[in-house]
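In terms of my numbering, the sequence shown is residues 402 to 717. No residue lacks a Cβ here, since even glycine has one placed at the ideal position from N, Cα and C. Keep in mind that this is a model prediction, so the values were computed, not measured. In what follows, a structure is listed as structure tokens, so that the remarks can point back to it.
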Amino acid sequence: MPTSLKRVPTRPPDQVAPAPSRRRSARSRRRLTGWAYAAPTALFVTLFFAVPVLLVGRMSISDWGLFAGDRGVNLPDNFVDAVDLRLFWPAVGFTVKYTVITTVILIGLSLGLALLVQESTRWTGFLRTAVLVPSALGLASASLLFYALYSPQSGPFGEVLRDVGLADGPISFLGTPDAALWSTVGLIVWRFAGFYMLLLLVALQGISADVYEAAELDGCNRWQRFTRITLPLLRSSLAMCAILCVTGSLLAFDQFYILTKGGPDNGTMTIVQLIYNAAFQGGNDLGLAAALSIIVLVVLLVFNLGQFRWLRGKDA
402 MPTSLKRVPT
412 RPPDQVAPAP
422 SRRRSARSRR
432 RLTGWAYAAP
442 TALFVTLFFA
452 VPVLLVGRMS
462 ISDWGLFAGD
472 RGVNLPDNFV
482 DAVDLRLFWP
492 AVGFTVKYTV
502 ITTVILIGLS
512 LGLALLVQES
522 TRWTGFLRTA
532 VLVPSALGLA
542 SASLLFYALY
552 SPQSGPFGEV
562 LRDVGLADGP
572 ISFLGTPDAA
582 LWSTVGLIVW
592 RFAGFYMLLL
602 LVALQGISAD
612 VYEAAELDGC
622 NRWQRFTRIT
632 LPLLRSSLAM
642 CAILCVTGSL
652 LAFDQFYILT
662 KGGPDNGTMT
672 IVQLIYNAAF
682 QGGNDLGLAA
692 ALSIIVLVVL
702 LVFNLGQFRW
712 LRGKDA
């Protein structure tokens, strides 16, 4: 065949490269679509997080009364006054003590419940439902419920203890700082144990059964499988539960405001209760309350960043 009659190979129609203008147009449409999807979330975060934080930051460096408004910058007076408050360090100590007790009990109990209901038995469904039901109740409602249950005169808890012979008179569950602390811990454990159990149960069911079978073939007993397989593979979920629990405990307010209002004798005063009192109970000093809020925010950021850094280091 003559060379001039040979067919010149052509690119299939579907492989024809689009013109540069069409590629730029497609990229622009994808970029606009991405911004359209992200815009509602960005607007929500800006309005309900960034703007309030900036406003609190502005208030924390100002002489800002509840009714007097902004009377000018007074940096660093609010932060100095916050640390010099008579109840600041007692509130910090009590908040940390409450956070440690609540976190240890909640995580330990939730993990035990998750292990208990992991395997299907005739009682599994009942146990899961019974433990999860309190999670559907709001914290304020649960606090009001326990306030009635702890009543020294008509509360059923006191009557039960008297009926079984453990008490011979009215029991004041909220009458002393220690009793109020442990009574509040009981409320929080009852309210949140099911929630954390559910998170850990999902993580437990994500562990492959092949791993346990291989460990059994290697002669590992039940305790060795728990410490060498279950706990390491649950590390991320346990850390997430710990972050949620610690953050919620450091910001505790509803339960103490309803049960004790910081008493007796300011023995259950949390740092958030102190912020509320500075702003609305007598002090009416929004600048001081904002400075306390900024201190709490910085502590939470440092703690959470430390947790994430530790997790990333472990997972690397």
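Cβ shell of residue i (< 7 Å), same chain only, five flanking positions each side left out
| i | result |
| --- | --- |
| S638 | L600, L601, A604 |
| F596 | S536 |
| G389 | There is no way to answer for residue 389, as the model of the chain reaches only from 402 to 717. |
| N678 | G684 |
| L550 | G556, P557, F558 |
Unbroken alpha helix (DSSP H) run spanning residue i, endpoints
| i | result |
| --- | --- |
| D611 | 610 to 618 |
| W490 | 489 to 519 |
| F547 | 540 to 550 |
| A531 | 525 to 533 |
| L562 | 557 to 564 |
Neighbour-count burial assignment, residue i, 16 or more Cβ in a 10 Å radius
| i | result |
| --- | --- |
| A440 | exposed |
| D611 | exposed |
| V493 | buried |
| L456 | exposed |
| T503 | buried |
| A543 | buried |
| Q554 | exposed |
| L433 | exposed |
| S422 | exposed |
Selected residue, minimal CA-CA separation from residue i, among the options
| i | options | result |
| --- | --- | --- |
| N475 | V699, F681, G688, L510 | G688 |
| V497 | L701, L618, I659 | L701 |
| G513 | V501, I502, V532, K662 | V532 |
| L488 | N705, L517, G663 | G663 |
| F681 | R425, V446, G466, V452 | G466 |
| I462 | D482, P477, V647 | P477 |
| F495 | V586, V590, A690, I644 | V586 |
| L660 | T525, A437, W583, W490 | W583 |
| L510 | L698, F593, W524, S552 | F593 |
| S573 | A581, E617, G473 | A581 |
| V534 | D485, V565, V590, E520 | V590 |
C-beta neighbour in chain C for residue i, strict 8 Å
| i | result |
| --- | --- |
| Q674 | The chain inventory of the structure shown lacks chain C, comprising one protein chain alone. |
Contacts around residue i, its chain only, beta-carbon distance under 6 Å, and the 5 residues preceding and following it disregarded
| i | result |
| --- | --- |
| V673 | L652, F654 |
| A515 | M598, L601, L602, L605 |
| L528 | V518 |
Heavy atom of the ligand ADP within 7 Å of residue i beta-carbon
| i | result |
| --- | --- |
| F450 | Inclusion of the ligand ADP in the displayed structure is not the case, the ligand content being empty and no account of it being possible. |
Contacts around residue i, its chain only, beta-carbon distance under 8 Å, and the 5 residues preceding and following it disregarded
| i | result |
| --- | --- |
| G570 | R563 |
| Q708 | A640, A643, I644 |
| Y438 | none |
* Along the chain, which unbroken stretches of the beta strand (DSSP E) at least 3 residues long are found entirely within the stretch 434 to 477? -> 463 to 466, 470 to 474
* Whole runs of the alpha helix (DSSP H) within the stretch 616 to 701, excluding any shorter than 4 residues -> 623 to 626, 636 to 651, 655 to 660, 672 to 681
* Which runs of the alpha helix (DSSP H) spanning at least 4 residues fall entirely within the stretch 576 to 609, listed in chain order? -> 578 to 606
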